[in-house]
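As structure tokens, the structure follows; a few thoughts come after it.
Below, the structure written as structure tokens:
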């Protein structure tokens, strides 16, 4: 299958570059070796591939023209937002180009009465909230990278955040998109008004990891800030008790805006870094945020406290004002970067389990950690069962990374065995494609491939991602193509 | 006419008891004059798969359905050899209460599903019409049906986290998962919401659930004018109140419900229903704010609770089938919230001009209106065309939900699907290359 994209000659490259410059202008095409290096990976830096060119279009029309050229010349292309993705979704393709949407960063329409904002894909997540905050509104999905990551990237990955237990993830807040299909055609689906007729293409495109085309405009729903917000954290001796509290709270009919757990590793490193006020000797802390009408929050707070005490919380601290609340959250949001204090390298996983299995799974992760002799720090969106185990390793140690990847894979297997998922918000991308078959059998993947082929029959749009094994497209009515075992083993290729 | 041998083979799959062959019994599956030759009620997923394998081998046009409450949706079928009802797929597979998740076969009625979930004080946050008439889970998904409480909870796409599908060629696949947060692979469940059985037969689905709120109240209030009513809507929506539902009733519907439910409402006024569900104290506090806002704009009304509240909402959800005569046309319009007065005003104007009696219930927080019309076919056709043109100008949509065949033959029920049609067609032809599933009715 690798023969598909043969190395192009330099004269071909020069000609292709001229075409791209004709479309975008010379300031929008990057081709110097040094500058290209900035695009050879996303936030998952262990995989790197240098693209042949990077283009920075300014308009949907330019995106469409670039893709038409790629389609005509059979050149693979990879869309890229801010490059904060953690699954290698924006990893370039050999002999392919990168289409960076960073220059398409205008907020097109702010419609407060209808609670809609229309943006270009390069708009940074937090800009949306900033634009509507004075009117009392915000954009709910809040991934930890929200001060850098873009809406286009959020759409591709169906990003979550710390408040999705109650408010949902990106897909619940995107009402429509304008996009360029992989053959260059520009379409628009959904929009500001609800219940448009036709299939929910918007729903399909959100979370498709840049494999179905390039989104050039996004219609978002904004929501009203709640009347009251209360945040607390409880400390526990054992992380399992924190886990049990989580399903205890929802079982009592309370859906908090967010519930986050950090284990002792995280607490220590976070305290040393930002000083969020977490008790440094605790085995775990659970952060709970309630929001809504004042009377509702006041009625639910005692229920939450009761559940925490039932589950052996050793201390409960309620934020006394917005400043302290921000501090509690700052601790949580700096959990990843703070890991640098206790380990030179870390590898983050993104598995999901049913809430009720939290305590059980945490125990199994601890055992795996012992078995592999690698420390695992746990920080997670406990409310929706989305784990972020951080495997701590030392890249200078021979074999440490391989062992880390193996351990991380074992953790994902545990998640799927418990009825969960291999990824809750980071995406499959390049990194986790080999694990997708844990969740989906061949016929499930064939159905997904029917979607990919409807959009991208040439397989040019972000190829090599998501699917565990290469799949080609066939004419409607024919069975999807499967690699012959001889090909799979590398003993032969098909021509 | 189907060959006898094919009929025999189909019958053998599900058994004689679960096959309808007689003309009298098949007449109830009449869709715009197209009547299938056989109706099958498979008892498990494998049987659905066997039927589709045979159907695809013999190129049989197939109409999938649940209990048939929404068969009128869609254009006239090009052809209908067989009907497959999922009604016998009626097992609730799992209710994982501590995870707020449940999995069910698609023939389970929404009513039975809710009853099961209610045992653990949870519910599926969907309140579409027809629940009392046996609407199935699969049918609700396939038609993307919803109700007034979508304001608070959203629509099917927000809760459907996993499903199992029998495809046109009989193969079975699953999409999504059983956890509330999952981005592994494409979000296949979204594709089937509102797909009207054109991409495969939904046989099983998994939903996220909510705890049943402790207490509920509804404020029913009428206003001197549409403008005043809409001003209140905008004030409520921009406040920090968390409303469960917010419904504008046009004067025709308001009068009719006042009569049928013994409500103390002024005649010929626009009315507003404001529902709040939460802990009791929060409901009371919010309701007093709602009342203040309404009163300031000249609204007069009462709080309704308990059985009377439940009945009223049931009637609002089902009004087109309860109070309008059988030869009716039912439509759904989606517009921006700020365009609601323009659209209601236009409906009023057109109704008067064409002599069509029009009942409207508008989900004011979502901009979605359910419209029922009574009148002469020709007047209705003209009015729907004018209304659709007006709504298109506001970048909204108008879809016919139900209409006599004579009207459907004059107007496409879906209207303009837009530039996305090209990709929808490709998806349809990849999933159903021989166009067997609901041919002609939708995409």
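Residue numbers (the working numbering), protein chains in the order written: chain B, -18 to 476; chain F, 934 to 1376. For every residue, glycine included, the Cβ atom is placed at its ideal position computed from N, Cα and C.
By the neighbour-count criterion, in which 16 or more other beta carbons inside 10 Å mark a residue as buried, residue 1321 of chain F falls on the buried side.
In this chain, the alpha helix (DSSP H) harbouring residue 1163 of chain F covers 1159 to 1171. Counting only residues of its own chain and dropping the five nearest sequence neighbours on each side, residue 966 of chain F has a CB closer than 6 Å to the CB of 1338. Contact annotation: residue 1298 of chain F and residue 1159 of chain F have beta-carbon atoms that are not nearer than 8 Å. Where residue 1153 of chain F is concerned, there is no enclosing alpha helix (DSSP H), although the beta strand (DSSP E) around it starts and stops at 1148 to 1156.
Taking C-beta separations shorter than 8 Å and ignoring five residues to either side along the sequence, the partners of residue 146 of chain B in its chain run 236, 237, 238, 239, 240, 362, 364 and 365, following chain order.
For residue 1369 of chain F, there is no enclosing beta strand (DSSP E), as DSSP gives it neither H nor E.
Excluding the 5 residues flanking it on each side, residue 1023 of chain F has same chain C-beta neighbours closer than 7 Å at 1038, 1040 and 1041, in chain order. DSSP assignment within the stretch 176 to 219 of chain B yields the following whole beta strand (DSSP E) runs of 3 residues or more, N-terminal first: 195 to 202 and 209 to 217.
Considering only beta carbons, no part of the stretch 1002 to 1013 of chain F lies closer than 9 Å to chain B. In this structure, the alpha-carbon of residue 1254 of chain F lies about 9 Å from that of residue 1062 of chain F.
Annotation: the continuous beta strand (DSSP E) that includes residue 361 of chain B extends over 357 to 362. Non-local beta-carbon contacts of residue 1211 of chain F in its own chain, meaning distances under 6 Å to residues more than five positions away in sequence, involve 1146 in chain order. Minimum Cα-Cα distance from residue 1124 of chain F among the listed residues F:1183, F:1090 and F:957 corresponds to F:1090.
Where residue 419 of chain B is concerned, the enclosing alpha helix (DSSP H) starts and stops at 417 to 420. In the DSSP assignment, the residues bridged to residue 370 of chain B are B:359. DSSP places residue 1306 of chain F in the strand class (E or B) of the three-state scheme. Spatial neighbours of residue 375 of chain B in its own chain (CB-CB distance under 7 Å, excluding positions within 5 residues in sequence) are listed in chain order as 325, 326 and 381.
Inter-segment contact for the stretch 27 to 35 of chain B and the stretch 70 to 84 of chain B is present: three or more beta-carbon pairs are separated by less than 8 Å. Here residue 1343 of chain F carries a coil assignment [DSSP, helix/strand/coil].
Contacts between residue 89 of chain B and chain F, judged by CB atoms closer than 9 Å, are missing: the closest CB pair is about 14 Å apart. When 7 Å is used as the limit between beta carbons, residue 214 of chain B is near no residue of chain F, the shortest such separation being about 22 Å.
The alpha-carbon separation between residue 1242 of chain F and residue 20 of chain B amounts to approximately 60 Å. Of the candidates F:1075, F:1030, F:1077 and F:1080, F:1030 places its Cα closest to the Cα of residue 1056 of chain F. A Cβ-Cβ separation of about 5 Å places residue 110 of chain B in contact with residue 120 of chain B under the 8 Å criterion. Along the stretch 272 to 287 of chain B, going in chain order, the ones with a CB nearer than 9 Å to a CB of chain F are 273, 274, 275, 276, 277, 278, 279, 280 and 281. Between the stretch 261 to 279 of chain B and the stretch 204 to 221 of chain B, the count of Cβ pairs shorter than 8 Å is three or higher; the stretches touch. Between residue 946 of chain F and residue 988 of chain F, the CB-CB gap reaches or exceeds 8 Å.
Think of a sphere of 7 Å around the beta carbon of residue 1117 of chain F: the chain B residues whose beta carbon falls inside it are 402, 403, 404, 409, 417 and 420, in chain order. Any Cβ of chain B closer than 8 Å to the Cβ of residue 1359 of chain F would place that residue at the interface, and such an atom is present. Contact with chain B is found for residue 1091 of chain F, since one of that chain's Cβ atoms lies less than 8 Å from the residue's Cβ. In terms of Cα proximity to residue 312 of chain B, the closest of B:341, B:256 and B:304 is B:256. Looking at the backbone, the Cα of residue 315 of chain B and that of residue 405 of chain B are separated by about 19 Å. The C-beta distance from residue 1371 of chain F to residue 1007 of chain F rounds to 7 Å, short enough to meet the 8 Å contact threshold. By the C-beta density criterion, residue 1278 of chain F is exposed, having fewer than 16 other C-beta atoms within 10 angstroms. For residue 981 of chain F, same chain residues with a beta-carbon under 7 Å away, outside a window of 5 residues either side, are 975, 1017, 1099, 1134 and 1136 in chain order.
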